[in-house]
Structure formats: structure tokens, C-alpha cells
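Accompanying notes for the structure given below.
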Amino acid sequence: MMSKWHLKIKSTAKGDLRKVLRSPLRQSFESVKATLETDPFSPVQSFEKLTRPAAGFYS
């Protein structure tokens, strides 16, 4: 059983955190956060920037 890790957000990133939590990227962020809390060394994440769900679609 893996222990639960704690994430600390630096004060310089708190503004960005507020923006992410109000954007469509929230679900992606929550997924990354959950993975980091359970096993930060898991090779699941590819360290790419978050992209919005409609990226690549044009109207």
C-alpha cells in the first residue's frame, strides 16, 4: 500500500491554480494531482502542458 503524499503549492503559483480550477482544464489538473498524491514517481504522466479539451478544433 502506498502512502499518500502531500502537495504544496508555492505562493507564486496560487494565481495560476485559481485560473486552472475555473477553466476546462480542471479535470486534467485533478487527474494529475491525484496521480502525484498516490505515486509521484509513476511513469503515467508525460510532462506535457495541459491542453483544453477542444484543442485542435476550429469553428
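Count along the sequence shown from 1, add 191, and you get the number used in our numbering.
C-beta atoms are modelled at their ideal positions from N, C-alpha and C, and glycine is treated no differently.
Predicted, not measured: the structure shown is a model, and the values here were computed from it.
1) Excluding the 5 residues flanking V211 on each side, which residues of the same chain have their C-beta closer than 7 Å to its C-beta?
2) Could you have a look at A246 and say whether DSSP puts it in helix, strand or coil?
3) Between which two residues does the alpha helix (DSSP H) containing T229 stretch?
4) Give every residue of the same chain whose Cβ lies closer than 7 Å to the Cβ of L208, excluding the five residues on either side of it in the sequence, and list them in chain order.
5) Taking DSSP as the reference, what is the three-state secondary structure of L241?
This is what the structure gives:
1) R217, F220
2) coil
3) 217-229
4) I200
5) coil
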